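Reading through the structure tokens given below for one structure.
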Amino acid sequence: MSDVLTIAGKPYSSRLLVGSGKYASFAQNAEAAEASGAEIVTVAIRRVNLGQDANAPNLLDFIRPDRYTLLPNTAGCYTADDAVRTCRLARELLDGHRLVKLEVLGDPKTLYPDITATLEAAKTLVREGFEVMVYCTDDPIQCKRLEEIGCVAVMPLAAPIGSGLGIQNRYNILTIVENATVPIIVDAGVGTASDAAIAMELGCDGVLMNTAIAEAKNPVLMASAMRHAIIAGREAYLAGRMPMRRYASASSPLQGVIG
Amino acid sequence: MSLMVNGRTEPLPQPATLDGLVDALNLTGQRLAIEHNGQIVPRSLWAATVVVADDCIEIVKAIGGG
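Protein sequence lines correspond, in order, to chains X and E. Going by our numbering, the letters in the first sequence line up with residues 528 to 786, in that order. Going by our numbering, the letters in the second sequence line up with residues 15 to 80, in that order.
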């Protein structure tokens, strides 16, 4: 069965997107990314450390641009200007690459999106030809606005970044999915495999996660668990679940019972 | 005679170009992007881009992130 996720015209067979932060080593990160089956991996853009060893290992030697679609993010940006600047640097760094993950944060305690600034940055980036996947609140109205601006995917949070709390407002996610004509990808807040499966059962097109895998006791095994959860949730969504009933409904025929 | 590089004071390199700066910082061959006084300079122009005292330069790379 062909069931691809298409983002900005490019098809992906995996609906799991993973991060590259918080791993014990580049090697562990690469092994987890492999086990997850993900085809899109996020990276951050930061100042180089001056005075470093020229032969120090580099993330991109392990998460190779010819193996994965890299998704540079604007993590750490608290203004639209900083986010736009970061995306421009990412485009230069990755040889004209246009796909970016936009996030403009409101405060360091919650890392909650600043939606006003996010909308402003999204408009600028779309105008400059970027393909914007946007991290945002689970607000159906703002998600629709971001789609209308021209974002190629809208990525509402399940819960705060790195919290592992799972989907806090599944009815909002459901409404966002129903309203959308671009992929809806739950980004942030997933803690374990069932959280990812629920997102997919709600009809989301994918899930982006970092901490849930990187901070598991066994990140590579959790990456595999997430891969299966995404597939299970997606297939359950496509299959269409049975209705819930308050009382029992016997599975075996009532006729021919002995006695 | 110095430059501001990633918020730090660095000596003016020889040759005084972006390429020269990358060499002087021991970053040759790494995948980088450079902003020179607020303007991004494509890699192909590093050798031709002259830096002078008090220029402000940002050099970035990709690192792990979510």
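Backbone N, C-alpha and C fix where the C-beta goes; we use that ideal spot for every residue, glycine too. The structure presented is a predicted model; accordingly, all values stated were derived computationally and were not measured.
Original post:
Is DSSP giving Glu590 of chain X helix, strand or coil here?
Top reply: First, the residue type needs correcting, since residue 590 of chain X is Ile and not Glu in the sequence shown. If DSSP states are grouped into helix, strand and coil, Ile590 of chain X belongs with coil.
Original post:
Between Arg618 of chain X and the rest of its own chain, which residues show a CB-CB distance below 7 Å, the 5 nearest in sequence each way excluded?
Top reply: His624 and Arg625, listed in sequence order.
**OP:** List the residues of chain X whose Cβ lies closer than 9 Å to the Cβ of Asn20 of chain E, in chain order.
**Re:** For a Cβ distance threshold of 9 Å, residue set Arg574, Val575, Asn576 and Leu577 of chain X lies close to Asn20 of chain E, ordered along the chain.
**OP:** Report all residues from its chain with a CB closer than 7 Å to the CB of Val55 of chain E; omit the five preceding and five following residues, and keep chain order.
**Re:** The residues are Leu32, Ile48 and Thr63.
**OP:** At 9 Å on the CB atoms, spell out the chain E contacts of Ala522 of chain X, in chain order.
**Re:** Lying outside 528 to 786, the shown extent of chain X, residue 522 of chain X is not represented and no answer is given.
Subject >> Close-in-space but distant-in-sequence residues of the same chain around Leu729 of chain X (CB under 8 Å, 5 per side omitted) >> reply: Excluding residues up to 5 positions away in sequence, Ile694, Arg697, Ile700, Leu701, Val704 and Tyr764 lie with their Cβ nearer than 8 Å to the Cβ of Leu729 of chain X in the same chain.
Original post:
Does the distance from the C-beta atom of Leu586 of chain X to that of Ala76 of chain E stay below 7 Å?
Top reply: The Cβ atoms of Leu586 of chain X and Ala76 of chain E sit closer than 7 Å to each other.
Subject >> Contact check, Met727 of chain X vs Ser563 of chain X, beta carbons under 7 Å >> reply: No, the Cβ-Cβ distance between Met727 of chain X and Ser563 of chain X is not below 7 Å.
Subject >> Own chain partners of Ala649 of chain X with C-beta closer than 8 Å, once the 5 adjacent residues on each side are dropped >> reply: If we look at Ala649 of chain X and ignore the five residues flanking it on each side, its Cβ neighbours are Leu629, Val659, Val661, Leu673, Ile676, Gly677 and Cys678.
Original post:
So, do the stretch 559-575 of chain X and the stretch 765-773 of chain X have three or more beta carbon pairs nearer to each other than 8 Å?
Top reply: Two segments are said to touch when three or more pairs of C-beta atoms, one from each, lie closer than 8 Å; by this definition the stretch 559-575 of chain X does not touch the stretch 765-773 of chain X.
**OP:** Give the interface partners of Pro599 of chain X over in chain E, defined as CB-CB distance under 9 Å, in chain order.
**Re:** Correct list: Ala76 and Gly79.
**OP:** Compare the C-beta of Leu39 of chain E with all C-beta atoms of chain X and state if any pair is closer than 7 Å.
**Re:** It does; some Cβ of chain X falls within 7 Å.
**OP:** Assign Asp665 of chain X to one of two classes, buried (16 or more other C-beta atoms within 10 Å of its C-beta) or exposed (fewer than that).
**Re:** Asp665 of chain X comes out buried.
Original post:
At which residue ranges does the stretch 691-722 of chain X contain complete beta strand (DSSP E) runs of 3 or more residues, listed in the order of the chain?
Top reply: You should have 712-714.
Original post:
Which residue comes first and which comes last in the beta strand (DSSP E) that contains Thr533 of chain X?
Top reply: Looking at the DSSP string, the run of the beta strand (DSSP E) that includes Thr533 of chain X is Leu532 to Ile534.
**OP:** Can you say whether Ser778 of chain X is buried or exposed, counting buried as having 16 or more other CB atoms within 10 angstroms of its CB?
**Re:** Ser778 of chain X comes out exposed.
Original post:
Expressed to the nearest angstrom, what Euclidean distance is found between the alpha-carbon atoms of Pro592 of chain X and Ile712 of chain X?
Top reply: Rounded to whole angstroms, Pro592 of chain X to Ile712 of chain X spans 22 Å at the Cα level.
Original post:
Any idea if Arg542 of chain X is buried or exposed, counting beta-carbon neighbours within 10 angstroms, 16 or more meaning buried?
Top reply: Buried, because 16 or more other Cβ atoms sit within 10 Å of the Cβ of Arg542 of chain X.
Original post:
Looking at the unbroken beta strand (DSSP E) that takes in Ser16 of chain E, where does it start and where does it end?
Top reply: First-last of the beta strand (DSSP E) with Ser16 of chain E: Ser16 to Val19.
**OP:** Select from X:Thr613, X:Pro640 and X:Ala557 the residue whose C-alpha is nearest the C-alpha of Ala571 of chain X.
**Re:** Answer by Cα proximity: X:Thr613.
Original post:
Is Pro667 of chain X helix, strand or coil when you go by DSSP?
Top reply: Three-state result, Pro667 of chain X: helix.
**OP:** Indicate whether the contact test is met: 3 or more Cβ pairs, each with one atom in the stretch 16-25 of chain E and one in the stretch 740-759 of chain X, closer than 8 Å.
**Re:** Using a Cβ-Cβ distance cut-off of 8 Å, the stretch 16-25 of chain E and the stretch 740-759 of chain X are not in contact, since fewer than three pairs of beta carbons, one from each stretch, lie closer than that value.
Subject >> Extent of the continuous beta strand (DSSP E) run through Gly733 of chain X >> reply: Judged by DSSP secondary structure, Gly733 of chain X falls within the beta strand (DSSP E) whose first and last residues are Gly733 to Met736.
**OP:** Compute every distance between the C-beta of Ser16 of chain E and the non-hydrogen atoms of the ligand MG, then say whether any falls below 6 Å.
**Re:** Inclusion of the ligand MG in the displayed structure is not the case, the ligand content being empty and no account of it being possible.
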